[in-house]
Amino acid sequence: SQKIEQNSEALNIQEGKTATLTCNYTNYSPAYLQWYRQDPGRGPVFLLLIRENEKEKRKERLKVTFDTTLKQSLFHITASQPADSATYLCALLVGGYNKLIFGAGTRLAVHP
Amino acid sequence: DTAVSQTPKYLVTQMGNDKSIKCEQNLGHDTMYWYKQDSKKFLKIMFSYNNKELIINETVPNRFSPKSPDKAHLNLHINSLELGDSAVYFCASSQGAKSNYGYTFGSGTRLTVV
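Protein chains in written order, with the numbering used here: chain A, 779 to 890; chain B, 3 to 116.
Spelled out as structure tokens, the structure:
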């Protein structure tokens, strides 16, 4: 069956450390993968996109890697801050490349 | 300026009623979507419209009927509401489904069916 899996347990880290979130998928061949941030009571906000032929993408303190052999993406936030606390969702563009499907998200809590 | 706006933000209604949720985007995007986020926070696509044409219709009960009067609007009408329809419904838009800039989401409509 087709699945997108993210760590269901919350990730708790200390301010200043690097947060690493994982997204694994099975039985999909995505054109690309996206990461979103969602705060309570709000809609998801787009952060980064990485294509199947790209290994790594960076934006300020964010870094995403994409390994199509392992079918995995890693999302890193360096020098994390309490304001980074949120739920982070990965999403794959599949289905003839016109359907964006989401993982269940990982909640990140950054403690001062 | 709100990029993707949904109304209402909250909707409480009784089983069996019919209700509508409206969505408007001012980004000039040509593709709009409805997603449903259930109590487990899982975000699932329901419908997608490109230039007013339906391109994705997931296995959604036909009590749900989207309507796109123009590229900037995508409304969702739900007939005969059931308890299981309680969820947060998100509208989103993008410039094509393969946009390099991701999807822009509204702030959601929390529907509670009692």
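C-beta: ideal position from N, C-alpha, C; glycine also.
What residue range is occupied by the uninterrupted beta strand (DSSP E) comprising residue i?
i	result
residue 889 of chain A	884-889
residue 69 of chain B	66-72
residue 92 of chain B	89-96
residue 77 of chain B	75-80
residue 816 of chain A	810-816
residue 9 of chain B	6-9
residue 845 of chain A	840-845
What does the Cβ neighbour count give for residue i, buried or exposed, with the cut at 16 atoms within 10 Å?
i	result
residue 780 of chain A	exposed
residue 34 of chain B	buried
residue 4 of chain B	exposed
residue 31 of chain B	buried
residue 805 of chain A	exposed
residue 11 of chain B	exposed
residue 72 of chain B	exposed
residue 837 of chain A	exposed
residue 86 of chain B	exposed
residue 108 of chain B	buried
residue 77 of chain B	buried
Could you tell me which chain A residues have their CB closer than 9 Å to the CB of residue i, listed as they occur along the chain?
i	result
residue 110 of chain B	819, 820 and 821
Which chain A residues are close to residue i, counting only those with a beta carbon under 7 Å from its beta carbon?
i	result
residue 102 of chain B	827
How would you list, in chain order, the residues of chain A whose beta-carbon sits under 8 Å from the beta-carbon of residue i?
i	result
residue 57 of chain B	876
residue 89 of chain B	Neighbours of residue 89 of chain B on chain A: none; closest Cβ ~14 Å, over 8 Å.
Going along chain B in order, which residues have a C-beta closer than 9 Å to the C-beta of residue i?
i	result
residue 853 of chain A	Result: empty, since nearest Cβ-Cβ is about 14 Å, beyond 9 Å.
Taking residue i as the query, report the chain B residues whose CB atoms sit under 7 Å from its CB, ordered along the chain.
i	result
residue 812 of chain A	104
Would the segment 853-861 of chain A count as touching the segment 786-806 of chain A if we require 3 or more Cβ pairs under 8 Å? yes
Segment contact, 8 Å Cβ cut-off, at least three pairs: the segment 876-890 of chain A with the segment 16-27 of chain B: no
At 3 residues or longer, what runs of the beta strand (DSSP E) sit wholly inside the segment 12-57 of chain B? 12-15, 21-27, 33-39 and 45-52
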